[in-house]
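Here the sequence shown is numbered in UniProt numbering, starting from 1 and rising by one per residue.
All C-beta atoms in this analysis are idealised placements derived from N, C-alpha and C, irrespective of residue type, glycine included.
Take a look at the structure below.
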Amino acid sequence: MNYILINIIINHIVCKCNSSFFYIQTEADKILLAAKGSFPIGIGKNSHIRKAIIDKNVRMGENVKIINTENVQEASREAHGYFIKSDIVTIIKDALIPSGTTI
Numbered sequence: 001m002n003y004i005l006i007n008i009i010i011n012h013i014v015c016k017c018n019s020s021f022f023y024i025q026t027e028a029d030k031i032l033l034a035a036k037g038s039f040p041i042g043i044g045k046n047s048h049i050r051k052a053i054i055d056k057n058v059r060m061g062e063n064v065k066i067i068n069t070e071n072v073q074e075a076s077r078e079a080h081g082y083f084i085k086s087d088i089v090t091i092i093k094d095a096l097i098p099s100g101t102t103i
């Protein structure tokens with residue numbers, strides 16, 4: 001089953017969360033981030049995510065593909081905001097994934 005939200009394709013959502021962990025950004029925060037060349041917490045438009053775990057407070061630009069195109073089984077890329085274990089991509093807490101990135 002696929003879920004489509006604002007042109008974002010996500011396969012299989014599994015979430016265990018506590019509402020006290022959510023961080024809300026105001027419009028002023030978003031404007032300040034844009035002025036700095038960054039983007040708000042969340043997943044950008046036209047992104048495609050498959051077999052991935054997205055930790056909290058991740059900033060993901062538009063047109064990001066987290067689909068493990070090369071079927072990598074193990075990889076350590078914490079400096080880039082992610083790692084792969086058993087073919088599953090994990091985007092680490094507070095990571096910034098630039099627009100147009102393909103993992």
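Give the C-beta separation of Ile91 and Gly81 to the nearest angstrom, bearing in mind that I take them to be a contact with Cβ-Cβ under 8 Å.
With a Cβ gap of about 6 Å, Ile91 and Gly81 count as contacting.
On the criterion of 16 or more Cβ atoms from any shown chain inside 10 Å, does Arg77 qualify as buried, or is it exposed?
Per the 10 Å Cβ criterion, exposed.
How big is the Cα-Cα spacing for Asp87 and Ser38?
Approximately 29 Å, taken between the alpha carbons.
Run through the DSSP bridge pairs and tell me what Gly42 is partnered with.
Partner(s): Arg59.
Do the region 26 to 36 and the region 44 to 58 make contact, defined as three or more Cβ pairs closer than 8 Å?
No, they do not touch.
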